[in-house]
Structures are given as C-alpha cells and as structure tokens.
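Using my numbering, the letters of the sequence shown correspond one by one to residues 1242 to 1476.
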Amino acid sequence: MNNEKVPTHIAIIMDGNGRWAEQRGFPRLSGHQAGADSIRECIEVCGKIGVQYLTLYAFSSENWKRPSAEVKGLMDLLERFLRESIEEMIHQEVRLCAIGRLQDLPITCRHLLEKARERTASNRGITLVLALNYSSRIEIVDAARRIVQAVQDGKVDMDQIDDRLFGNYLYTQGIPDPDLLIRTSGEIRLSNFLLWQSSYTEIYVTSKLWPDFRAADLQEALNDYGRRRRRYGKL
Ligand code: IPE
Ligand code: IPE
Ligand code: MG
C-alpha cells in the first residue's frame, strides 16, 4: 500500500452488535462480546500499517437510554476488555486514552481507564482513543463553557477565538482530525460522533455488522480510501 495513502487517523462507529446477536437468536450482549475480537483485530492491523490514531465509538451519551441490563453488560465488558487487553496493548506499544464525559462512568471503569492510560503513556505505537459516554454536542458545549471561563479569567482574548483555538478546547485536543470514518451495519449517519472533527473526513459505510468486521474488511475500507481524492474545497 502506498504510504501516503495510509490514513493518520481512523475513527470507527462500531455498530450492529445487537443485530448480529439477534440474527443468531443470541442475547444482545453476546454481540457486544463478539465485537471485542473485532476491536483487537483492528488495533493490530492499524498498528502494523502505521495508522497513528484509532478512535473507537464504544458508548455514546445516548446509550444510557438503553435498558439498564444492557448498559450494565456494556460497562462490565469494558472493564473486562481493559483488564484482559492491557498486557497485549503494552506489548504492541499501544497508547490508550479516552474521550467523553468520563467522570460519569462507573468508578471501576474510571480507575481501570486511568491505570491503562498511565501504564501505556510512554508507548510509541498507535494511540487508541476510546469514545466513552461521548456526545459530540456535549463536547462542543463543554468547550464553549471552558473558553468563556478562560475569557472571564483574562487568559484568552475574544479576538483570539478561532477554529484552531476552539479545537484545542475539545476532548480531542492534540489529536489530528480523522482522515477516514468507518461505520458498520449500513447506517448512514454520524450519531453525534466527532461532528466538529469530521468536517473533511472521508466516510466509509459497510453493511457488515461490527462483530463480522475483520482485517479483510478494514483492508477494503483502506483500499477505498486510497482511491479518494480529498479536495478540501479546492479544485
Ligand atoms: C453498537 O451495536 C454498540 C453500541 C452502541 C454500544 P448496537 O448495540 O447499536 O447494535 P444494533 O445497532 O442494535 O444492531
Ligand atoms: C452509535 O451507535 C454509538 C456507538 C456505536 C457506540 P447507535 O446504535 O447508538 O446509534 P443509532 O442509535 O443507530 O444512531
Ligand atoms: Mg446500533
């Protein structure tokens, strides 16, 4: 693959776990469980081909509205994923961080995330960004509040506020905008994910359900991306 065409940052809306399970007559949670293997495979492939950032939409702020048993199951899976994958991530030089209103996650998840972040902070490989309790609109509102505060404190001048400064107040501060956004399960919408950051992102939608999305599917998305011509409004 032409190196220039490897996206620096891939973001994925991992959708379709529930339908994957329903199609097999399994409980929805088994779909989420199966999705964990797709996550591991994508991290490995992205790391190998030199993708620098991989952002995974794992739990949206709207997902709290699901039945409490599913929410609890998802949080338990997150904990399990963090416990079971940490050594592998260290071995693969993965650096882990998270975006979203993390303060509202269960305390054990927060501790495990913090521990994983600390233990992987000096790793030199791919940065894995987990979007947890994430809402793009809340992120933008949070940024606006913090900027207003900074203006009130005299740390920022009104005239300094531009899109670059604004971006530095988002959870994704320091992370380049995604080059490629993948959504599985055929839904053609953003569902409140990286609205600001995806202004010029190439979008790829596949009908594959997330637990079925594996290395070959990722390669297909990358090939598709490689054929795109990004114009950024220019000719
Ligand atoms: C995506 O799968 C995972 C989360 C949203 C946490 P879904 O659970 O949304 O699966 P479908 O869309 O119902 O099939
Ligand atoms: C988006 O999927 C959120 C995650 C993948 C975590 P949803 O299944 O929640 O999105 P909608 O409800 O179909 O828009
Ligand atoms: Mg869904």
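All C-beta atoms, glycine included, are put in the ideal place defined by N, C-alpha and C.
Would you give the residue range spanned by the beta strand (DSSP E) that Ser-1512 belongs to?
Limits of the chain in this structure are 1242 at one end and 1476 at the other, which puts residue 1512 out of reach.
Provide the residue span of the beta strand (DSSP E) that contains Arg-1324, from first to last.
Taken as a continuous stretch (DSSP letters only), Arg-1324 belongs to no beta strand (DSSP E), being part of the alpha helix (DSSP H) at 1309-1332.
How would you label Asn-1374, buried or exposed, when you count the other beta carbons within 10 angstroms and need 16 or more for buried?
buried
Quick one: Cα of Gln-1344 to Cα of Asp-1420, how far?
28 angstroms
Whole-angstrom distance between Thr-1349 and Arg-1468, CA atom to CA atom:
43 angstroms
Any residue with its C-beta under 5 angstroms from a non-hydrogen atom of ligand 1 counts. Can you list them all in chain order?
Asp-1256, Gly-1257, Asn-1258, Gly-1259, Arg-1260
Per-residue burial, Arg-1265 [other beta carbons within 10 Å of its own, 16 or more giving buried]:
exposed
Short Cβ contact (8 angstroms threshold) for Cys-1287 with Ile-1367
yes
So, for Asp-1453: in the same chain, excluding its five sequence neighbours on each side, which residues have a beta-carbon less than 7 angstroms away from its beta-carbon?
Trp-1261
Any non-hydrogen atom of ligand 2 within 7 angstroms of Asn-1374 CB:
no
If contact is defined by three or more beta carbon pairs under 8 angstroms, each pair taking one atom from either stretch, is the segment 1248-1259 in contact with the segment 1445-1462?
yes
Should Leu-1369 and Leu-1337 be called a contact, given that it needs their Cβ atoms to be closer than 8 angstroms?
yes
Starting from Glu-1443 and walking both ways along the beta strand (DSSP E), at which residues does that stretch end?
1443-1446
Classify Tyr-1412 as buried or exposed, calling it buried when 16 or more other Cβ atoms lie within 10 Å of its own Cβ.
buried
For ligand 2, any of its heavy atoms closer than 7 angstroms to the Cβ of Asn-1464?
no
Are there three or more Cβ pairs, one per stretch, closer than 8 angstroms when the segment 1376-1383 is compared with the segment 1417-1436?
yes
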